[in-house]
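Residue numbers (the working numbering): 24 to 176.
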């Protein structure tokens, strides 16, 4: 990877399925332009897409802010949604509160948060019922700066 840094923000609108995936695709392009390793790009794109879709499915609006350094990719997603009452349950593979119409579109299988966890090195999820959710995750770009997989921030 080049020794560049990058920062950006994407604004996400709830139920805007016509733009679903635009933020994560844009992030992927930024990472490719910075010559990040393809396996790291894949992990970041998967985690970003899942986070983006959670905002589109469950919140009124939100934002995805990314920070890229030679050591890390850090993504913070904040939404104005109803919050997650039980984070432990929400992290369970296959658990979903998505309504039927979302599932009929092929989303809401209950793999979003587990896929984010699986593809990141550090994950922090904070949610207030009625107050929204903040998700922060980090992917290390080299083994020297890598901490324990999926440690809590």
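Every residue, glycine too, gets a C-beta built ideally from N, C-alpha and C.
For the set 42, 94, 109 and 43, the Cα lying nearest the Cα of residue 29 is the one of 94.
According to the DSSP secondary-structure assignment, residue 160 is paired through a beta bridge with 98 and 146. About 6 Å separates the CB atoms of residue 110 and residue 148; that is less than 8 Å, so the two are in contact.
For residue 113, the enclosing alpha helix (DSSP H) has its first and last residue at 110 to 113. Residue 27 sits exposed, since fewer than 16 C-beta atoms from the chains shown fall within 10 Å of its C-beta. Distance from the CA atom of residue 42 to the CA atom of residue 166, rounded to whole angstroms, is 34 Å. One alpha carbon belongs to residue 58, the other to residue 97, and they sit about 17 Å apart.
Segment contact: the segment 44 to 52 against the segment 67 to 85, three or more CB-CB distances shorter than 8 Å; contact assigned. The residues 73, 116 and 117, in chain order, have a CB closer than 8 Å to that of residue 134 in the same chain once the five nearest residues on each side in sequence are set aside. In this model, residue 87 and residue 162 are separated by some 15 Å (Cα to Cα).
Sorting 61, 102, 44 and 151 by C-alpha distance to the C-alpha of residue 24 places 61 at the top. Take the alpha-carbon of residue 38 and the one of residue 124: they are about 11 Å apart. In this structure residue 71 is not in contact with residue 45, their Cβ atoms being roughly 11 Å apart against a cut-off of 8 Å. Per DSSP, residue 79 is one residue of the alpha helix (DSSP H) stretching across 61 to 81.
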